[in-house]
Structure formats: structure tokens, C-alpha cells
Amino acid sequence: MGHSQQILQGRTCKIYNRQSWTPSNDPDKLCPCGRLVRRHSFDGECLQPKENGPNSCNWTFPDQFRDLIHSVQVPVNVFGTLQPSGCKFLRIDNRVKSEDMFRLLVEDCGGRAPSLILSVHGNAQNFTMSERLKNEITQGIGDAATRTHAWILTAGINNVVSKLIGEGISRYRFLRGYQDEVKCIGLTMWGTVNEYTRYELKRSTIEYPEGLLHQQIPDNYQDDGITIKQNHTHYILFDSGRLHEYLGDAQRDMLVKEACKNEHHTCTYFLLILY
């Protein structure tokens, strides 16, 4: 995205690393982080002792993942632009400072901070709405965004609400000719999206190590269908080091508070809940 990306960090599991051994009788052994033991990308010193071989019983295998103990900061290694949509994406540490995250987005929006933030939430399971009302909502949001230089925040995944807002705003930008005016930002967890999505984001990263482009979960794992929608302009995927993670709003709340407390401009926050 911008210069601020250089000061950001990623995060990953450090229980195992690329050199870790796997029991011969259990090649698909899973780490508490959700990855196969043999498919970790971390290249630093891991928690599995170096001197412990496959036959050693001296090390107690953790039974659950604790991100404060079992994860480590690493350089950002998944970022870029999805084609043909032009959607920008970045995988970063879930403990990122709110001011760094805000500065990154402002830089990528031409140095202009938002005057309005529309944060859209909703019940993905029980959401019904007529086409006319959907069009009115997305047109109203689009009009407000272009007049006030707003940022529209969603969970960014393929649930009903994020899909409605993303597709509606994308259509609005195209029809009105506001390709660079309306910013629709998806904020989600790296561990929330499915394995295929994580693979595609890695593959879309220029110079991502080809040797690390492999499946990190077992073939028989029942992965869900959670993915991202390319009709957003930006995606930030926060990583705690764990896969199969529940989606939360902590980082979205942090971003909103940072934007509204800035002394150099006024930003109004509006929460839109769709049920």
C-alpha cells in the first residue's frame, strides 16, 4: 500500500518451524494453531526444542493455542493487488497499533483522512430485504460517501451484509464514474477466511516464496466457505497466528476511534446495522 507498510509486521505460529520433525506414524499431525506440523512457514527458532528428535519424550506438546505465548512477529509477506478488480490486500499482525493502521490507509487514499466513517454490521443468517430497498440503501451510502470523503467499513467476507454493501458500492462507483472516490474497506481475520482464499492471496503476492505455496491443512478437513469479496477497494487481514478463527470487531473499533480522535481533522462516525 504505502510507506507505512514498511513499519508494519505480520504474525505467525512459532510452536513449529519449517525444519520441525513430524512423527512417522502421524504425518498429518496438527499443531494447535490449525496448521499441519510439517507445513509451518516460520523460519526462526521455534518452541519445539532442537535437540528433541522424533523419539524424544522430553517436550510437552501444547494442547491449545495461546497467541501471547505461541505466536511471534514476522515481516509482512502477504500483500498486493487482486486482479482484475484492483482490490488491495494486506496481512498484518492483529496487535498492530491503531495509529499505524490508520496512517497506512490515509497514505493509500492520497493523504486525505475521512470526514465520515460508515461502519456496516448485520446478521448474516437472517437477513432479507427487497431489491428496491437494497438499491436505496447502497445509493444513499454511496452519495454520502462521495460528498463527505467517507470510508465504508465492513467485515469484508461473503456474508449477506458485506456482499450487499460491496456489490452495491462497486456498482455505484462504476455507474457514477467515482472509481477512486468511494473507499470500501474490509477488515477481517486471516484465520477466518478459508484455505483456498489464503492460498490465492499468497499466490497474488509478488515474490511470495514458491516453496511455501502449499496447503497447510489436512485434505479431509471440512473447511468452510468464508472468503473475501473483491468488490471492496481494500482488505486488511489481521493475523493472530491461528487458523479457523472467529471474526471479531476489535480492530475495526480501534480504527474508528483512531480516526475520530485525530486532532488535525474532524471525522464523524456512523454505525449502520442491517437485520
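Quick note on this note's numbering: the sequence shown kicks off at 166 and runs consecutively.
Even for Gly, the Cβ is constructed at its ideal location relative to N, Cα and C.
Rounded to whole angstroms, the gap between the alpha carbons of Trp-186 and Arg-203 is 7 angstroms. Scanning the stretch 207-268 for uninterrupted beta strand (DSSP E) segments of 3 residues or longer gives 236-240, 244-247 and 252-258, listed from N- to C-terminal end. The alpha-carbon of Leu-352 is positioned some 20 angstroms away from that of Asp-232. Thr-392 places its beta carbon less than 9 angstroms from that of Asn-323. A direct Cα-Cα distance of roughly 7 angstroms separates Leu-377 from Ser-206. According to DSSP, Tyr-400 shares a beta bridge with Phe-254 and Gly-351. Ile-302 places its beta carbon less than 9 angstroms from that of Met-294. For Ile-330, there is no enclosing beta strand (DSSP E); the enclosing alpha helix (DSSP H) has its first and last residue at 325-341. Of all alpha-carbon atoms in Ile-257, Glu-346, Leu-212 and Thr-362, the one lying nearest the alpha-carbon of Ile-172 is that of Ile-257. Looking at the DSSP output, Thr-433 bridges to Leu-281. In terms of Cβ geometry, Leu-247 and Ser-369 form a close pair [threshold 9 angstroms]. Less than 9 angstroms separates the beta-carbon of Gln-381 from that of Gly-199. Residue pairing from DSSP places Cys-178 in a beta bridge opposite Ser-236. Counting the other Cβ atoms within 10 Å of the Cβ of Ser-250 gives fewer than 16, which makes it exposed.
Excluding its 5 nearest sequence neighbours in each direction, Asn-359 has C-beta neighbours in its own chain below 8 angstroms: Asp-388, Asp-389, Gly-390, Ile-391 and Thr-392, listed in chain order. For Thr-293, the secondary structure class from DSSP, reduced to helix, strand or coil, is coil. Comparing alpha-carbon positions, the option among Met-266, Ser-280 and Val-239 lying closest to Glu-428 turns out to be Ser-280. A straight-line Cα-Cα distance of about 29 angstroms links Leu-420 and Glu-372.
For Leu-318, no alpha helix (DSSP H) run applies; the uninterrupted beta strand (DSSP E) run containing it begins and ends at 315-319, by DSSP.
Of the residues Cys-252, Ala-310, Ala-278 and Lys-253, the one whose Cα lies closest to the Cα of Glu-264 is Ala-278. A Cβ-Cβ contact shorter than 9 angstroms links Leu-318 with Leu-283. The shortest CA-to-CA distance from Leu-439 to any of Gly-287, Lys-179 and Tyr-181 is the one to Gly-287. Only buried fits Gln-416, as 16 or more other CB atoms lie within 10 angstroms of its CB. Look at Leu-201 here: in three-state DSSP terms it is strand. Selection Leu-437, Ile-401 and Lys-328 evaluated against Val-241 yields Ile-401 as nearest (Cα-Cα). The C-alpha of Pro-383 is placed about 7 angstroms away from the C-alpha of Leu-201. Considering only Cys-211, Ile-350 and Asp-404, the residue with the shortest C-alpha distance to Ile-330 is Ile-350. Annotation: Tyr-411 to Thr-362 spans about 16 angstroms, alpha carbon to alpha carbon.
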